[in-house]
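Colleague: Under our numbering, the residues of the sequence shown are numbered 18 to 636, in order.
Quick reminder that beta carbons are idealized off the backbone N, C-alpha and C, glycines included.
Below are the structure tokens for one structure; questions will follow.
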Amino acid sequence: MQQGTINVQSENIFPIIKKFLYSDHEIFLRELIANAVDATQKVKGIMRLGELKGELGDLTIQVKIDTDKKTLTISDKGIGMTKDEVDKYINQIAFSSAEDFLEKFKDVEDGKTIIGHFGLGFYSSFMVANKVEIFTKSYQDAPAVKWECDGSPNFTMQEIEKEERGTDIVLHIGDKENEEFLQQHRIQSLLTKYCKFLPIAIQFGDKYLSEEDKKAGKTAEPNIINNTNPAWTKSPSDLTDEDYKNFYRELYPLAGEPLFWIHLNVDYPFNLTGILYFPELKQSFETQKDKIQLYSNQVFVTDNVEEIVPEYLALLHGVIDSPDIPLNVSRSYLQSDGNVKKINSHISKKVSDKLKELFKNDRKSFEEKWESISVFVKYGMLSDEKFYDRSKDFGLLVNTADEKFTFEEYQEKVKPNQTSKDDKIVMLYTSDEEAQHAYVKAAKDHAYDVLKMDTIIDNHFVNFLESKLENVEFKRVDADTIDNLIPKDEQRESVLSEEQQDKLKALFEEQVTNKQAIIELKPLSPTDAPVTITRNEFMRRMMDMQKLGGNSFMGNMPETFNLVVNTNHPLAEKILKKKAPNRQKMAKQLFDLALLSQNMLKGESLTAFVERSIELAGE
Ligand code: ADP
Ligand code: MG
Numbered sequence: 018m019q020q021g022t023i024n025v026q027s028e029n030i031f032p033i034i035k036k037f038l039y040s041d042h043e044i045f046l047r048e049l050i051a052n053a054v055d056a057t058q059k060v061k062g063i064m065r066l067g068e069l070k071g072e073l074g075d076l077t078i079q080v081k082i083d084t085d086k087k088t089l090t091i092s093d094k095g096i097g098m099t100k101d102e103v104d105k106y107i108n109q110i111a112f113s114s115a116e117d118f119l120e121k122f123k124d125v126e127d128g129k130t131i132i133g134h135f136g137l138g139f140y141s142s143f144m145v146a147n148k149v150e151i152f153t154k155s156y157q158d159a160p161a162v163k164w165e166c167d168g169s170p171n172f173t174m175q176e177i178e179k180e181e182r183g184t185d186i187v188l189h190i191g192d193k194e195n196e197e198f199l200q201q202h203r204i205q206s207l208l209t210k211y212c213k214f215l216p217i218a219i220q221f222g223d224k225y226l227s228e229e230d231k232k233a234g235k236t237a238e239p240n241i242i243n244n245t246n247p248a249w250t251k252s253p254s255d256l257t258d259e260d261y262k263n264f265y266r267e268l269y270p271l272a273g274e275p276l277f278w279i280h281l282n283v284d285y286p287f288n289l290t291g292i293l294y295f296p297e298l299k300q301s302f303e304t305q306k307d308k309i310q311l312y313s314n315q316v317f318v319t320d321n322v323e324e325i326v327p328e329y330l331a332l333l334h335g336v337i338d339s340p341d342i343p344l345n346v347s348r349s350y351l352q353s354d355g356n357v358k359k360i361n362s363h364i365s366k367k368v369s370d371k372l373k374e375l376f377k378n379d380r381k382s383f384e385e386k387w388e389s390i391s392v393f394v395k396y397g398m399l400s401d402e403k404f405y406d407r408s409k410d411f412g413l414l415v416n417t418a419d420e421k422f423t424f425e426e427y428q429e430k431v432k433p434n435q436t437s438k439d440d441k442i443v444m445l446y447t448s449d450e451e452a453q454h455a456y457v458k459a460a461k462d463h464a465y466d467v468l469k470m471d472t473i474i475d476n477h478f479v480n481f482l483e484s485k486l487e488n489v490e491f492k493r494v495d496a497d498t499i500d501n502l503i504p505k506d507e508q509r510e511s512v513l514s515e516e517q518q519d520k521l522k523a524l525f526e527e528q529v530t531n532k533q534a535i536i537e538l539k540p541l542s543p544t545d546a547p548v549t550i551t552r553n554e555f556m557r558r559m560m561d562m563q564k565l566g567g568n569s570f571m572g573n574m575p576e577t578f579n580l581v582v583n584t585n586h587p588l589a590e591k592i593l594k595k596k597a598p599n600r601q602k603m604a605k606q607l608f609d610l611a612l613l614s615q616n617m618l619k620g621e622s623l624t625a626f627v628e629r630s631i632e633l634a635g636e
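Below is the structure:
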């Protein structure tokens, strides 16, 4: 038996490994299985080269728990190791890479963020085990070996009898805090998380068999963890729509149907495969994020792809597999990595190409999906200049009648109806059809079309489109300048005399208490509302931004608004004929009604309004 001391600089590296990796120590399983898969693929390669005689046999990797002995064993039928190889790969090389790792990251404060992306390799098993044994027999004609190490830098190595080619790694899990790794369900869920799509079959015991089935003489089926041949590794021409949908269900058993998908397949200048799905996006798109899974050669790496794909692409679902994304480095490095940038822009282009194709080939179906895609497309346009350029011809605007137009089409549609002073095309929109119902109705009464801009992102999107579409201006239906749009020949004179108008204005001004209201008289149509509240579009947007939490230079400015009094409404003349105090009461009532319709009447004022209304009803 050979004894030795692992070639190590620091006195005892294992306590450090344990402590450092504490939070993420479950990854040992991924590391050990990845090694077993590597070894198995190597033996298959050797067989292909004709350097191995006989049969390969069943190559399934076995994972077993022995609760009595407190061991977790991972067995493969792979390439195995000779004594010299154990010495070289385990005692020297593997260990120095573990040391490298610690050296590299000893100054990183939050070790956690990088651990999951770094293969510490074989030695990560010491995060959970207080003793590790390797039983291995090489495919070459050499004696089998047993290696053993108890977590100190000392190991033993001896020749043993072992019939079958391959390696068993036995972890002795003695510490209470690591007992979870002897639990069936814990290992099952870890295997499902990391190994679901590994290319070599992995068996974890047998499938559960009920007593009845046992009595009926049934035998348990092996519990195979993985789909060794996931859809993304196949050629698109071999896959049907059903295959893609099935794979989606495999990834997200609880999700609905995907809208459509993109199969990625790049081999130059980097390697990348994958399938990205467009989910049915709901308004609350925050919950939809972190659904893309990143793999490296079918080994699960992470589902937190924040730095790897742009934020708007993270709304998609699916799988990206690339051996070229450097996983063993910190995330901040990833952001500046050239390959990652290229991957980003490649995916972004693929996505816009796919959308364009859908739009061109089947506009009807594209429009049907628009509600789900729109958040994504808008988000993409806002955050990626190139994405905007590629998508501006299929980005859609939706009006209150649910008709959809491209930006260009909509300009053509509304232009003939407008005589705006500065030649700008004004697009009217509502951010809440219910709350702004009266305004939407008024706009429609004047034959204006109204767009729906009612998702969270639209606030920004409106500003953004204005900056992109040079001659376009957006105005919410309650903006104070909408009546400027009324064509000259429809504009009216006031039926009230100058003197009457002054009186009317003064009357309403009296009613302004501490509210920041400006009274404006306008000669509208007698069928328009007698009083309405409007807002300055610019100021309102600033306020909205502030409410959304964006830092604003507005400070805590009080909200201001205009009270528009329609001098042509029959009530205008009527109110002037009343005597005090009924005249004031009526003005107040109208004022409050306008506030009420904007949901601005609250507290004491609301109570006063209700009381006044009851009083008026009795008159
Ligand atoms: P890496 O996998 O990055 O090379 P590891 O520490 O995981 O680093 O493993 C070190 C080396 O030990 C491997 O490269 C391989 O040569 C050898 N090895 C580990 N596990 C096995 C195994 N199950 N079968 C054969 N060789 C193995
Ligand atoms: Mg490894």
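#1: Please classify Leu372: is it buried, with 16 or more other beta-carbons within 10 angstroms of its beta-carbon, or exposed?
#2: Give me the residue from Ser511, Asp41, Ile204 with the minimum Cα distance to Thr319.
#3: Going along the chain, which unbroken runs of the alpha helix (DSSP H) with 4 or more residues stay wholly within the stretch 36-114?
#4: Under three-state DSSP, which class holds Gln220?
#5: Does DSSP classify Val326 as helix, strand or coil?
#6: Is there at least one non-hydrogen atom of the ligand ADP closer than 7 Å to the beta-carbon of Ile292?
#7: Is Ala159 near the ligand ADP, in the sense that its beta carbon is under 7 Å from a heavy atom of that ligand?
#8: Any idea what DSSP makes of Ser313, helix, strand or coil?
#9: Which whole-angstrom value is the C-beta distance of Phe525 and Phe626, which I expect to be below 8 Å?
#10: According to DSSP, is Glu590 part of a helix, a strand, or is it coil?
#11: Output the boundary residues of the alpha helix (DSSP H) element that contains Ala159.
#12: I believe Val431 touches Met444 by the beta-carbon criterion, under 8 Å. Please report the beta-carbon distance rounded to the nearest angstrom.
#13: Tell me whether Lys412 is buried or exposed, calling it buried when 16 or more other Cβ atoms sit within 10 Å of its Cβ.
#14: Taking DSSP's pairing of strands, which residues face Cys166 in a bridge?
#15: Nearest-angstrom Cα distance between Asn583 and Asn321?
#16: Cβ-heavy atom distance between Gly138 and the ligand MG below 7 Å?
#17: With a Cβ-Cβ cutoff of 8 Å, do Ile177 and Ala146 count as a contact?
#18: What are the partner residues of Pro657, as DSSP defines its beta bridges?
#19: Can you give the Cα-Cα distance for Gly355 and Val283, rounded to whole angstroms?
#20: Is Glu180 helix, strand or coil when you go by DSSP?
#21: If you reduce the DSSP assignment to three classes, tell me which class Asp534 lands in.
#22: Whole angstroms is fine: what's the gap from Lys359's alpha carbon to Phe481's?
#23: Should Met18 be labelled buried (16 or more other beta-carbon atoms within 10 Å of its own) or exposed?
#24: Below 8 Å, how does it come out for the stretch 153-173 and the stretch 85-99: are there three or more Cβ pairs, yes or no?
#25: Please report the distance separating the alpha-carbon of Leu375 from that of Ser155.
#26: Suppose the cutoff is 7 Å on Cβ atoms and the five residues either side in sequence are ignored; what does the same chain contact list for Glu632 look like?
#27: If you compare alpha carbons, which of Glu590, Gln435, Thr549 is closest to Val512?
#28: Is the beta carbon of Asn240 sitting closer than 8 Å to the one on Glu267?
#29: Going by DSSP, what residue range makes up the alpha helix (DSSP H) through Trp387?
#30: Looking only at its chain, what residues have a beta carbon closer than 6 Å to the beta carbon of Pro247, apart from the 5 residues adjacent to it on each side?
#31: Alpha carbon to alpha carbon, how far is Pro587 from Asp497?
#32: Looking only at its own chain, which residues have a Cβ that is under 8 Å from the Cβ of Tyr211, when we skip the five neighbours before and after it?
#33: Across which residues does DSSP place Gly467 in a beta bridge pair?
#34: Taking a contact to mean a Cβ-Cβ separation below 8 Å, would you say Thr77 touches Ala272 in this structure?
#35: Within this structure, are the beta carbons of Lys235 and Leu226 separated by less than 8 Å?
#36: If you count every other CB in all the chains shown that lies within 10 Å of the CB of Thr624, and 16 or more means buried, which is it?
Modeller: According to the structure shown:
#1: buried
#2: Asp41
#3: 44-65
#4: strand
#5: coil
#6: no
#7: no
#8: strand
#9: Rounded, the Cβ-Cβ distance is 16 Å, inconsistent with contact.
#10: helix
#11: It is not in any alpha helix (DSSP H) - Ala159 carries neither H nor E in the DSSP assignment.
#12: 6 Å
#13: It should be noted that the sequence gives Gly, not Lys, for residue 412. Its Cβ being crowded by 16 or more others within 10 Å, Gly412 is buried.
#14: Val149, Phe172
#15: 57 Å
#16: yes
#17: no
#18: The structure shown has nothing for residue 657, since the chain only spans 18 to 636.
#19: 16 Å
#20: coil
#21: Looking at the sequence shown, residue 534 is not Asp but Ala. Of the three classes helix, strand and coil, the one that applies to Ala534 here is strand, per DSSP.
#22: 26 Å
#23: exposed
#24: yes
#25: 54 Å
#26: none
#27: Glu590
#28: no
#29: 380-400
#30: Phe214
#31: 22 Å
#32: Ile44, Leu46, Arg47, Ile50, Val316, Phe317
#33: At residue 467 the sequence reads Val, which differs from the Gly that was named. DSSP output for Val467 lists Leu445 as bridge partner(s).
#34: no
#35: yes
#36: exposed
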